[in-house]
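Residues -18 to -1, 1 to 419 (mature numbering (1 follows the signal peptide of the UniProt record, and there is no 0)) are what the sequence shown spells out, left to right.
Heads up, the thing below is written out as structure tokens.
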Amino acid sequence: MTWFKLFGLLILLEIVCVKPGLIRNQHPLDAVSITSGAYHSCVLLEPTKALKCFGDNFSGQLGLGLDPGTRDSPTSNQVIGNEPDQLGNNLAFVKLSARVHSIIQVDAGGYHTCALLDIDGTGRVKCWGSNNRIWRQLGLGNSAPTRIGRHINDMGDSLDFVNLGHTARVVQISAGYAHTCILFDDSNVKCWGWNNYGQLGSGDRQNIGDPSSSNPIDFGLGNMPLQVSAGKTHTCATLNTGSVMCWGSNDCGQVSFDHAGLHLLPVAAPLDGSRATHVSAGGSHTCVLVDNGKLKCWGDNMYGQLGCDHNHSMHEAGVDTWISFPQQEIVKQVVTGEYHTCAISSGGQVYCWGRNDEGQLGTGDTVSRNRPTLVMIDATVTQISVGVKHTCVLLQDKSVKCWGGNRNGQLATGYHEGSLSPALVEAIDFGTQVSSN
């Protein structure tokens, strides 16, 4: 008998002799939401409601907690996703706390990540990744390490909850480039981290490392925030009045058209009386979705990221216009990256525009676009997220595809090359859940 026949027989005997009560079934992990930072992404998975992240991990933003080296001299796991053996069941879950009932929301910032957790019926926040010694975007105080999430003792119950200094329940979190904002169920908003441009809305330019000692943002009498979006150096919120207010850097008109360089407190954004349902703050531009499914953007337009068929920044043009889609589609979601923008139509189609130097628009080339361009995806898309050089989508079948630049493994394809189109990549392998029944 040859050795390979003997080997096959041994495997057959092992399968036949397993006790029925110990048979284990493989259940694929399905994605339920996705978020992208500068060069990393995180996905919530079911049926476990667990979290996996991939891409750039230099600052610990993936939350793997696997590195035996020091925080200042990491020895491994700096990039996750561009090797085949890093995916599937080898892609580790993010450990947050044994007390977590469920993960409500995750948001990836520039080089950090934050999660909103259900702990005994209350919303608690944990953040990990880059924690610049001056900016302190994790909200863990001014003495916390500058990188959290790589070291073996960084995550799980060793990672502190953010002390928010407010008793109301957190309902939303938004992680910007180097600052973080949260919305409470009493319509208060708090931000912390980098504040050089006034993006914290505190009325000054002092960085905040401990949100427990800061005050909520003042939106004025009768203005109640419903949603908040933290960008690179500015922040915006939708209000109960249907309006939008923004604050922070205004060098490209991303906050307002008044040519002021900074706004340290919220100011009304230009909407012409339309009622906003969602706002997205990007690198130096802002996009707002209104209740009739139309979309308006303003701010920096160097690469056409405003989608208005020209490359003039809106504070230069002096006017803003509604974005025109090829088939007059109704928009249901919009996301803004540093220099590109993407939207999902009510029919589940994806349109992208702006910078395309690494194929982040998914158009099969590297030509930038200044108007919405259809991305060819042979499936219905339910959610989209964008980083600096990459774009990811959640499909109706609960799989995830990413395209664009891949120098940091942010496409999770198992190889190093980027992709100019979603048609050229396979769905990401998140592994399986094993259960006995």
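Backbone N, C-alpha and C define an ideal beta-carbon position, used for all residues, glycine too.
How long is the line joining the alpha carbons of residue i and residue j, rounded to whole angstroms?
{"i": "D139", "j": "V76", "result": "12 Å"}
{"i": "Q188", "j": "N178", "result": "7 Å"}
{"i": "S156", "j": "V261", "result": "12 Å"}
{"i": "G369", "j": "V88", "result": "15 Å"}
{"i": "G341", "j": "H148", "result": "43 Å"}
{"i": "G336", "j": "T355", "result": "10 Å"}
{"i": "V407", "j": "V357", "result": "14 Å"}
{"i": "A405", "j": "V152", "result": "38 Å"}
{"i": "I101", "j": "V317", "result": "29 Å"}
{"i": "W283", "j": "S327", "result": "Residue 283 is actually Asn in this sequence, not Trp. Going from the Cα of N283 to the Cα of S327 covers about 22 Å."}
{"i": "V144", "j": "C173", "result": "12 Å"}
{"i": "Q236", "j": "G183", "result": "15 Å"}
{"i": "K31", "j": "D240", "result": "45 Å"}
{"i": "residue 449", "j": "P193", "result": "Residue numbering for the chain in the displayed model covers -18 to 419; residue 449 lies beyond these limits and cannot be assessed."}
{"i": "D291", "j": "K371", "result": "21 Å"}
{"i": "E28", "j": "D254", "result": "41 Å"}
{"i": "A242", "j": "A250", "result": "13 Å"}
{"i": "N232", "j": "W117", "result": "20 Å"}
{"i": "A409", "j": "G70", "result": "11 Å"}
{"i": "I305", "j": "G224", "result": "19 Å"}
Would residue i and residue j qualify as a contact pair, given that the criterion is a beta-carbon distance under 7 Å?
{"i": "V171", "j": "P198", "result": "yes"}
{"i": "N274", "j": "N352", "result": "no"}
{"i": "Y93", "j": "G121", "result": "no"}
{"i": "G281", "j": "H267", "result": "yes"}
{"i": "C234", "j": "H216", "result": "no"}
{"i": "T259", "j": "L271", "result": "yes"}
{"i": "Q392", "j": "G37", "result": "yes"}
{"i": "S18", "j": "A74", "result": "no"}
{"i": "A13", "j": "K380", "result": "yes"}
{"i": "I16", "j": "L376", "result": "yes"}
{"i": "D136", "j": "G47", "result": "yes"}
{"i": "G330", "j": "T362", "result": "yes"}
{"i": "L246", "j": "G185", "result": "yes"}
{"i": "S256", "j": "G344", "result": "no"}
{"i": "M206", "j": "S169", "result": "yes"}
{"i": "F307", "j": "P248", "result": "no"}
{"i": "T395", "j": "Q378", "result": "no"}
Can you tell me whether residue i is buried or exposed? The criterion is at least 16 other CB atoms within 10 Å of its CB, across all chains shown.
{"i": "L347", "result": "Note that residue 347 corresponds to Asp in the displayed sequence, not to Leu. D347 is exposed by the Cβ-count criterion."}
{"i": "N222", "result": "exposed"}
{"i": "V349", "result": "exposed"}
{"i": "H9", "result": "exposed"}
{"i": "L11", "result": "buried"}
{"i": "V97", "result": "The displayed chain sequence assigns Ala, not Val, to residue 97. Buried, since its Cβ has 16 or more Cβ neighbours within 10 Å."}
{"i": "T414", "result": "exposed"}
{"i": "G204", "result": "exposed"}
{"i": "H322", "result": "buried"}
{"i": "H133", "result": "buried"}
{"i": "D411", "result": "buried"}
{"i": "Q310", "result": "exposed"}
{"i": "N59", "result": "buried"}
{"i": "N390", "result": "buried"}
{"i": "S125", "result": "exposed"}
{"i": "N72", "result": "exposed"}
{"i": "G230", "result": "buried"}
Let me make sure I understand the geometry here. Which of the options has the alpha-carbon closest to that of residue i?
{"i": "C109", "options": "A361, I366, G123, G391", "result": "G123"}
{"i": "S41", "options": "G329, P127, L141", "result": "P127"}
{"i": "W176", "options": "S169, G158, F307", "result": "G158"}
{"i": "D142", "options": "G230, G185, L288, R81", "result": "R81"}
{"i": "T303", "options": "G230, K314, P248, P252", "result": "P252"}
{"i": "N113", "options": "I190, V382, I85", "result": "I190"}
{"i": "G105", "options": "I116, I86, Q236, T95", "result": "I86"}
{"i": "H22", "options": "T373, V363, D411, G180", "result": "T373"}
{"i": "S196", "options": "C334, D240, L146, Q43", "result": "L146"}
{"i": "Q181", "options": "A219, S194, D254", "result": "A219"}
{"i": "N39", "options": "V107, R129, A361, A263", "result": "R129"}
{"i": "R115", "options": "A160, G103, G131", "result": "A160"}
{"i": "K314", "options": "S79, T395, V332, S306", "result": "V332"}
{"i": "W385", "options": "T364, Q378, N338", "result": "N338"}
{"i": "S95", "options": "I312, P248, C324, A20", "result": "First, the amino acid is wrong: residue 95 is Thr here, not Ser. Among I312, P248, C324, A20, the Cα nearest to that of T95 belongs to A20."}
{"i": "S367", "options": "F201, P248, S256, A325", "result": "A325"}
{"i": "Q68", "options": "C35, G230, S79", "result": "C35"}
{"i": "G289", "options": "C334, V249, P248", "result": "C334"}
{"i": "L78", "options": "F307, G70, V107, C269", "result": "V107"}
{"i": "Q119", "options": "Q43, G70, S84", "result": "Q43"}
{"i": "Q154", "options": "L99, I312, L33", "result": "L99"}
{"i": "S84", "options": "W117, G70, L33, G230", "result": "L33"}
Determine, using beta carbons only, whether residue i comes closer than 7 Å to chain C.
{"i": "L377", "result": "Reference to chain C is not applicable here, since this structure consists of a single protein chain."}
Can we count residue i as close to the ligand GDP, meaning its CB is less than 6 Å from some heavy atom?
{"i": "V349", "result": "For the structure depicted, the ligand GDP is absent and the ligand set is empty, with no information on it obtainable."}
Checklist entry - Should the stretch 160 to 169 be called in touch with the stretch 207 to 214, which here means at least 3 C-beta pairs below 8 Å? => result With the cut-off at 8 Å, the stretch 160 to 169 and the stretch 207 to 214 touch.
Checklist entry - So does the stretch 381 to 400 actually touch the stretch 57 to 71, counting three or more Cβ pairs closer than 8 Å? => result Judged by Cβ distances under 8 Å, the stretch 381 to 400 makes contact with the stretch 57 to 71, as three or more pairs qualify.
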